[in-house]
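Number 67 in the UniProt record's numbering belongs to position 67 of the sequence shown; there are no gaps in the numbering.
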Amino acid sequence: MVASEGCLFCEIVKGERPAHVVLDVPDAMAFLDTRPLFKGHTLLVPRTHYETLGDLPPEFLGEFFGHARRLAGAMESVLDAAGSFVAMNNRISQSVPHLHVHVVPRNKKDGLRGFFWPRQKYDSDAEAADYAARLAASL
1 MVASEGCLFC EIVKGERPAH VVLDVPDAMA FLDTRPLFKG HTLLVPRTHY ETLGDLPPEF
61 LGEFFGHARR LAGAMESVLD AAGSFVAMNN RISQSVPHLH VHVVPRNKKD GLRGFFWPRQ
121 KYDSDAEAAD YAARLAASL
């Protein structure tokens, strides 16, 4: 494991800071969020310090998101949630600069309503096509 000095999540992974651990495997750890959206809100982190999804090695993607998939299933089977919300931020709104996936239990009418930022429209179909083409070309 490679840690980053002063990283809250690296400290949890190393056992230097307490956490309610949900998953503890050689490549990743998951623990309860201390400020959950709903009880059971879990954070999944790689043991190695990567800041963003773009930093995560491609060979680890499948295994890492396999853990997220298992956690999402546990929200339903263990917590009797109707579903889950699985999300991550990259830099913007990333309160701890260590890659982490939020897995949150969800139920109908639980009070969580989509995303809380203003939506925008493209000025034209041509502008939308230009954005799509630029993104596609980079992939």
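Ideal placement from N, C-alpha and C gives every residue a C-beta, glycine not left out.
### Message
So, at 7 angstroms on beta carbons, what are the nonlocal neighbours of F38 in its own chain, with the 5 sequence-adjacent residues on each side left out?
### Response
Start at 1 with the first residue of the sequence shown, and residue 38 comes out as number 38. These residues qualify, in order along the chain: V104, P105 and D110.
### Message
What does the alpha-carbon distance come out to for the pair L56 and M29?
### Response
Residue numbering aside, residue 56 sits at position 56 when the sequence shown is read from its first letter. Residue numbering aside, residue 29 sits at position 29 when the sequence shown is read from its first letter. Spanning the two alpha carbons is a distance of roughly 15 angstroms.
### Query
Using the beta-carbon count (16 or more within 10 Å), is T48 buried or exposed?
Sequence index remark: in the sequence shown, residue 48 carries index 48 (1-based). T48 comes out buried.
### Task
Take P46 as the anchor and find which of T34, F60 and P36 has the nearest alpha-carbon.
What you label residue 46 is simply residue 46 of the sequence shown in a count that begins at 1. Of the listed residues, the one whose Cα sits closest to P46 is F60.
### Query
Leaving out five residues before and five after V21 in sequence, what residues of the same chain have Cβ atoms less than 6 angstroms from its Cβ?
Here residue 21 is taken as the residue at index 21 of the sequence shown, counted from 1. Cβ within range, chain order: F31.
### Query
Shortest alpha-carbon distance to V25 belongs to which of A68, D33, M75 and D130?
Translated into positions along the sequence shown, residue 25 becomes position 25. Distance from the Cα of V25 is smallest, within the candidate group A68, D33, M75 and D130, for A68.
### Query
Would you say S95 faces chain D, with C-beta separation under 7 angstroms as the test?
In summary, chain D is missing from the structure at hand, where a single protein chain is found.
### For Y131 and A19, the rounded distance between their alpha carbons
In the sequence shown, the residue the question calls residue 19 occupies position 19. In the sequence shown, the residue the question calls residue 131 occupies position 131. One C-alpha to the other measures close to 42 angstroms.
#### Entry: Start-end ranges of the beta strand (DSSP E) lying completely within the stretch 72 to 106, minimum 3 residues
83 to 87 and 101 to 106
### Whole-angstrom distance between R134 and L44, CA atom to CA atom
As a first step, residue 44 is located in the sequence shown; it is residue number 44 there, counting from the start. As a first step, residue 134 is located in the sequence shown; it is residue number 134 there, counting from the start. The alpha-carbon atoms of L44 and R134 are separated by roughly 31 angstroms.
### Query
Can you name the start and end residues of the alpha helix (DSSP H) that F9 belongs to?
One-based indexing of the sequence shown puts residue 9 at position 9. Where F9 is concerned, the enclosing alpha helix (DSSP H) stretches over L8 to V13.
### Task
Identify whether A19 lies in helix, strand or coil by the three-state DSSP scheme.
Within the sequence shown, numbered from 1, the residue matching residue 19 stands at position 19. Residue state, collapsed to three classes: coil.
### Query
Tell me, which residues are paired with D24 by DSSP?
Working through the sequence shown from its first residue, we reach residue 24 at position 24. BP columns for D24 point to M29.
### Query
Quick one: what's got a C-beta closer than 7 angstroms to T81's C-beta in the same chain, skipping five residues either side?
As a working note, residue 81 is residue 81 in the sequence shown. The sequence shown places Ala at residue 81, rather than the Thr named in the question. Excluding positions up to five away in sequence, the list reads M75, P105, R106 and N107.
### Query
Is it the case that the Cβ atoms of H102 and A87 are separated by a distance below 7 angstroms?
Within the sequence shown, the letter at position 102 stands for residue 102. Within the sequence shown, the letter at position 87 stands for residue 87. Yes, Cβ-Cβ distance for H102 and A87 is below 7 angstroms.
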